[in-house]
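This report concerns only the one structure given below.
2 protein chains.
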Amino acid sequence: MSAAELRATLERLCKERPDLRFLSDSEEMTPYLREWRDAYRGEAAAVALPSSVEDVVALVKLARECDGVHLVPQGGNTGLVGGQIAFDSEHAITVSMARMNRILEIDPANNTLTCEAGALLADVQAAADDANKLFPLSLASQGSCRIGGVLSTNAGGCEVLRYGCAGDLLLGIEVVLSDGSVWDGMRPLRKDNTGYDLKRLFIGAEGTLGIITRAVLRLFPKPRSLMCAFVGIDSPSAGLSLLREAEEMSGGEVTAFELMPRIAIEMVERHTPSIRIPLESDAPWYVLLEISSSREEKDAIDRTEKILANAFDKNLILDGTIANSKAQEENFWSIRESISESQKREGGSIKHDVSVSVSRMPEFLERATRAVEEALAGIRVVAFGHMGDGNIHFNLSQPTDMERDAFMLESERFHRIVYDIIADMGGSISAEHGIGIAKLEENARHKSGVEQNLMRALKRALDPGGIFNPGKLID
Amino acid sequence: MSAAELRATLERLCKERPDLRFLSDSEEMTPYLREWRDAYRGEAAAVALPSSVEDVVALVKLARECDGVHLVPQGGNTGLVGGQIAFDSEHAITVSMARMNRILEIDPANNTLTCEAGALLADVQAAADDANKLFPLSLASQGSCRIGGVLSTNAGGCEVLRYGCAGDLLLGIEVVLSDGSVWDGMRPLRKDNTGYDLKRLFIGAEGTLGIITRAVLRLFPKPRSLMCAFVGIDSPSAGLSLLREAEEMSGGEVTAFELMPRIAIEMVERHTPSIRIPLESDAPWYVLLEISSSREEKDAIDRTEKILANAFDKNLILDGTIANSKAQEENFWSIRESISESQKREGGSIKHDVSVSVSRMPEFLERATRAVEEALAGIRVVAFGHMGDGNIHFNLSQPTDMERDAFMLESERFHRIVYDIIADMGGSISAEHGIGIAKLEENARHKSGVEQNLMRALKRALDPGGIFNPGKLID
Numbered sequence: 007m008s009a010a011e012l013r014a015t016l017e018r019l020c021k022e023r024p025d026l027r028f029l030s031d032s033e034e035m036t037p038y039l040r041e042w043r044d045a046y047r048g049e050a051a052a053v054a055l056p057s058s059v060e061d062v063v064a065l066v067k068l069a070r071e072c073d074g075v076h077l078v079p080q081g082g083n084t085g086l087v088g089g090q091i092a093f094d095s096e097h098a099i100t101v102s103m104a105r106m107n108r109i110l111e112i113d114p115a116n117n118t119l120t121c122e123a124g125a126l127l128a129d130v131q132a133a134a135d136d137a138n139k140l141f142p143l144s145l146a147s148q149g150s151c152r153i154g155g156v157l158s159t160n161a162g163g164c165e166v167l168r169y170g171c172a173g174d175l176l177l178g179i180e181v182v183l184s185d186g187s188v189w190d191g192m193r194p195l196r197k198d199n200t201g202y203d204l205k206r207l208f209i210g211a212e213g214t215l216g217i218i219t220r221a222v223l224r225l226f227p228k229p230r231s232l233m234c235a236f237v238g239i240d241s242p243s244a245g246l247s248l249l250r251e252a253e254e255m256s257g258g259e260v261t262a263f264e265l266m267p268r269i270a271i272e273m274v275e276r277h278t279p280s281i282r283i284p285l286e287s288d289a290p291w292y293v294l295l296e297i298s299s300s301r302e303e304k305d306a307i308d309r310t311e312k313i314l315a316n317a318f319d320k321n322l323i324l325d326g327t328i329a330n331s332k333a334q335e336e337n338f339w340s341i342r343e344s345i346s347e348s349q350k351r352e353g354g355s356i357k358h359d360v361s362v363s364v365s366r367m368p369e370f371l372e373r374a375t376r377a378v379e380e381a382l383a384g385i386r387v388v389a390f391g392h393m394g395d396g397n398i399h400f401n402l403s404q405p406t407d408m409e410r411d412a413f414m415l416e417s418e419r420f421h422r423i424v425y426d427i428i429a430d431m432g433g434s435i436s437a438e439h440g441i442g443i444a445k446l447e448e449n450a451r452h453k454s455g456v457e458q459n460l461m462r463a464l465k466r467a468l469d470p471g472g473i474f475n476p477g478k479l480i481d
Numbered sequence: 007m008s009a010a011e012l013r014a015t016l017e018r019l020c021k022e023r024p025d026l027r028f029l030s031d032s033e034e035m036t037p038y039l040r041e042w043r044d045a046y047r048g049e050a051a052a053v054a055l056p057s058s059v060e061d062v063v064a065l066v067k068l069a070r071e072c073d074g075v076h077l078v079p080q081g082g083n084t085g086l087v088g089g090q091i092a093f094d095s096e097h098a099i100t101v102s103m104a105r106m107n108r109i110l111e112i113d114p115a116n117n118t119l120t121c122e123a124g125a126l127l128a129d130v131q132a133a134a135d136d137a138n139k140l141f142p143l144s145l146a147s148q149g150s151c152r153i154g155g156v157l158s159t160n161a162g163g164c165e166v167l168r169y170g171c172a173g174d175l176l177l178g179i180e181v182v183l184s185d186g187s188v189w190d191g192m193r194p195l196r197k198d199n200t201g202y203d204l205k206r207l208f209i210g211a212e213g214t215l216g217i218i219t220r221a222v223l224r225l226f227p228k229p230r231s232l233m234c235a236f237v238g239i240d241s242p243s244a245g246l247s248l249l250r251e252a253e254e255m256s257g258g259e260v261t262a263f264e265l266m267p268r269i270a271i272e273m274v275e276r277h278t279p280s281i282r283i284p285l286e287s288d289a290p291w292y293v294l295l296e297i298s299s300s301r302e303e304k305d306a307i308d309r310t311e312k313i314l315a316n317a318f319d320k321n322l323i324l325d326g327t328i329a330n331s332k333a334q335e336e337n338f339w340s341i342r343e344s345i346s347e348s349q350k351r352e353g354g355s356i357k358h359d360v361s362v363s364v365s366r367m368p369e370f371l372e373r374a375t376r377a378v379e380e381a382l383a384g385i386r387v388v389a390f391g392h393m394g395d396g397n398i399h400f401n402l403s404q405p406t407d408m409e410r411d412a413f414m415l416e417s418e419r420f421h422r423i424v425y426d427i428i429a430d431m432g433g434s435i436s437a438e439h440g441i442g443i444a445k446l447e448e449n450a451r452h453k454s455g456v457e458q459n460l461m462r463a464l465k466r467a468l469d470p471g472g473i474f475n476p477g478k479l480i481d
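Chains A and B, in that order, give the protein sequences.
Those letters in the first sequence? Residues 7 to 481, by my numbering.
Those letters in the second sequence? Residues 7 to 481, by my numbering.
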């Protein structure tokens, strides 16, 4: 079947199903086929825009009937590993969930929110907030990413330390399966031991096992106050000790713990002069620490001050300050959030989104930094991120006196160095971002044969016809 | 192959593998074949007692080679639905994990504990405690149950409200698969998005997909103090409001919230005179509320008093008291923990372990109570349990003037009434206990065809030869 025939078939389907739409004009399709950073430019026969689960069922059935046709589910097109991009102008249909974006129900007494899979993460956060609850998952892309994508990539963020990743915030799900049937697992239940944990199959599955159409999400009490501290420390080891102390003293209420090296702070200062570093003295490393509290602000400040004072006494921190206004808190966070952008302006950057045991983070940083510095004089290690959950963005900025392209040609060499250390330390080569197409080969290199076989067995069981996002996550 | 031939084969295997043992003497096998309450008396050709993952691999390979032979994994033989009992004297081998009981490693800075699957839950709790951490899963059977069983049944307990079920406390796992390969998923990582969430397949799988041999468990900071309150309320609705208020005011630090009807309290008083009810006035319902805190006791008491005072002001509670010593706290819990035993002494009891949305618990209790009372005059509803996570033990004690056997003959009729209401309300017919063999038929009646097909597809993919616990969980 040619692309034209496929589009004609879609056309007929849309006549039967007037709420289903699709795009086939090249310009109209571009926003769905071009990865948001332009890292990938895909191709598809069409971009379908279903409005209901029945539309999605119809698309799945169409894919089954048309030889070789496959579906590429897409949320907000904010993924970082190309999992959401179609690469086949004849056989691929991108299925954008953007029109299925409604918040359906909030049940505050049950601490649940029900929504369609195309609901924007920011809308879910806002709806929870309106009900005086918290949906504790924040991402830079939250204004654009959608719940189905968030679940399919098991997205994290800065609060994983306290609340877990997307999969930990899910109670129920509705999925269209490869045979066109709809699995209604929309159970708003905290406890249900009546079978396999089927919903978890789809978490982090990157659209390769089914298309999520609805979800029941968990809500949490809103903290009454959030204390934000910016501290200088002399080493990641000190950071680790600070983390554990803060956790003990706050009863597990540390909501975020972000590590930043001085080099990153300098880059931010250089490229974003409006951002002020809130400490006077320099430190080799910095931590942004956030502690939430159910109490009034004064009590939360007292406790955070106690935590910092205790850290000073134990020589865990060199300097530190607590934000005493929302504006100050936002300033602290803007430092952290500006690192990526600032690093981009420093030239070529070779990136790794890795994790190890939290306890081995200092060891990883030391080993990996030494290894890459030995491999190339002048390389600038910019390692920052979610130390609290063992996840670091181990990024390498080019030597200042090197050509960008020449540096980027070294990517494979440095991936080899970094990922081999990760493998040796039992870590993950993709802590947050997933595999998609970007890390397919690397993953196959590191994942055991037994595990790859298990994954293939699952894929064969749930999608024997290979209609869901082939060529992503697993070969 | 006859049972005798199977045992001869096992004998030969044990010669090759001197650390592997098995039992074939009828009396020796009894503790492994008899369900702990004597609800089931099973049969097996042998009870194998592996000492290592290699022993388990050898047993799996033996089962593959010997036609029709299957394995029934067993932890502490404390399961409540017969999933751990073998029922075939010719073809079944019970695989008891009891000898693989070591705690292997504790990494406090990573908040993880690694153990073999046969480790006793009580030992895991103690090891965590020694490291000044908390493994927050407590069960009545914790002195006997083992981690593999706890994971395979996704066991809950009283702290699910705060910490989740067993599956939420797991980071990594090692499993022997049906082809005899070992999946090493022992990753002590909080974040790892490199594939399907394979470890969750085995959570609640009741030994039907593989044999768990090791696990990496999550640890938490130990609360500095635990405040326990016993309150009288006038209805489950008031209880629900109290729960949400307590959650708000404590920032989600409500660790347990147990509902008890007055009839249960009266039964406890009747059968355990040593237990004192700590309130003077009667109430139609009672709640045992536990709030943990990272602060000194005085602060925690203050806060709990505030929570109760607030509840009084809003007419949510009729009476209440806070335990002011460990002994008092234990007394409060002993009331809750004596309900089952006391109810047993009141004659026949027809039991249901069900869950609904927390917000619909009052509605369920009202509907189900009315329905069973209409069905049989004099029936005594004893509904108690984990209201905080929507799970109630909806038990029915016989009318005082009825023959026990005659009442128990009504079991099917009452299951029909109760489970039909549960199904209508989108609840679960087995919130905690699992399916095993006890609820196989009931589950098949309620679970959608799509879901049963999905489960069968998984079972076929992971255990095509049907060697793992056939006849349990799914047909």
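By construction, the Cβ of each residue, glycine as well, lies at the ideal position given by its N, Cα and C atoms.
Around A:C171, the beta-carbon contacts reaching into chain B at under 9 angstroms are R196, K197 and N199.
A:T100: member of the beta strand (DSSP E) spanning F93 to S102, first to last residue. Secondary structure of B:L183 (DSSP, three-state): coil. DSSP places A:A133 within a helical segment (H, G or I) once states are collapsed to three. Taking the CA atoms as reference points, A:E264 sits about 43 angstroms from B:S57. Counted as a single uninterrupted DSSP element, the alpha helix (DSSP H) harbouring B:I345 occupies residues K332 to K350.
Only buried fits B:K445, as 16 or more other CB atoms lie within 10 angstroms of its CB. When 9 angstroms is used as the limit between beta carbons, A:I441 is near these residues of chain B: N199, T200 and G201, in chain order. For A:P24, no beta strand (DSSP E) run applies, since DSSP gives it neither H nor E. For A:D190, the beta-bridge partners assigned by DSSP are A:E180. Beyond the five residues adjoining it in sequence on each side, B:A289 comes within less than 7 angstroms, by CB distance, of G238, I239, D240, R268, L324 and D325 in the same chain, given in chain order. Residues are counted here when their Cβ sits less than 7 angstroms from a Cβ of chain A; for the stretch 214 to 226 of chain B these are F226, given in chain order.
Per DSSP, the continuous beta strand (DSSP E) segment holding B:V53 begins and ends at E49 to L55. Between the alpha carbons of B:L167 and B:A262 lies a gap of roughly 6 angstroms. If you look at B:H76, you'll find it in the beta strand (DSSP E) that goes H76 to Q80. The Cβ of A:V66 sits no closer than 8 angstroms to any Cβ of chain B. Within the same chain, G81, L127, L143, L145 and A172 come within 8 angstroms of A:V156 by CB-CB distance, once the 5 residues on both sides are set aside. Take B:G477, set aside five residues on each side of it, and the residues of its chain with a beta-carbon closer than 8 angstroms to its own are F93, I443 and L446, in chain order. Contact of A:K453 with chain B by beta-carbon distance below 7 angstroms involves T200 and G201. Of A:L294, A:V66, A:S95 and A:V63, the smallest CA-CA separation from A:L29 is found for A:S95.
The beta-bridge partner set that DSSP reports for A:S231 consists of A:S299.
Spatial neighbours of A:V62 in its own chain (CB-CB distance under 6 angstroms, excluding positions within 5 residues in sequence) are listed in chain order as P56, V182, I217 and T219.
At least 8 angstroms separates the beta-carbon of B:V293 from that of B:S348.
Under the three-state reduction of DSSP output, B:E264 falls in the strand class.
Below the 7 angstroms Cβ cutoff, chain A contributes D203 and R206 as neighbours of B:R206, in chain order.
For B:R196, the closest of A:V75, A:A374, A:E22 and A:S363 by C-alpha to C-alpha distance is A:S363. Non-local beta-carbon contacts of A:G440 in its own chain, meaning distances under 8 angstroms to residues more than five positions away in sequence, involve G85, L86, V87, G89, T159, N160, G210, E212 and L479 in chain order.
Taking a cut-off of 8 angstroms for Cβ pairs, the stretch 369 to 383 of chain A and the stretch 399 to 415 of chain A touch, as three or more such pairs fall below it.
Within chain B, no C-beta atom comes less than 8 angstroms from the C-beta of A:N316; the nearest is roughly 13 angstroms away. In the three-state reduction of the DSSP assignment, B:K445 falls in the coil class, being assigned neither a helical nor a strand state. Contact annotation: in the stretch 244 to 269 of chain B, residues whose CB is within less than 9 angstroms of a CB in chain A are L246, S247, L249, R250, E253, E254, M255, S256, G257, G258 and E259. DSSP assignment within the stretch 445 to 473 of chain B yields the following whole alpha helix (DSSP H) runs of 4 residues or more, N-terminal first: 446 to 452 and 455 to 468. Contact between B:V387 and B:A437 is absent: CB atoms are separated by about 17 angstroms, not below the 8 angstroms threshold. In the three-state DSSP reduction, B:K357 falls in the coil class, being neither helix nor strand. Around B:R108, no beta-carbon contact reaches into chain A at under 9 angstroms, the shortest distance being about 20 angstroms. Among the bridge pairs identified by DSSP, A:G326 is matched with A:V237.
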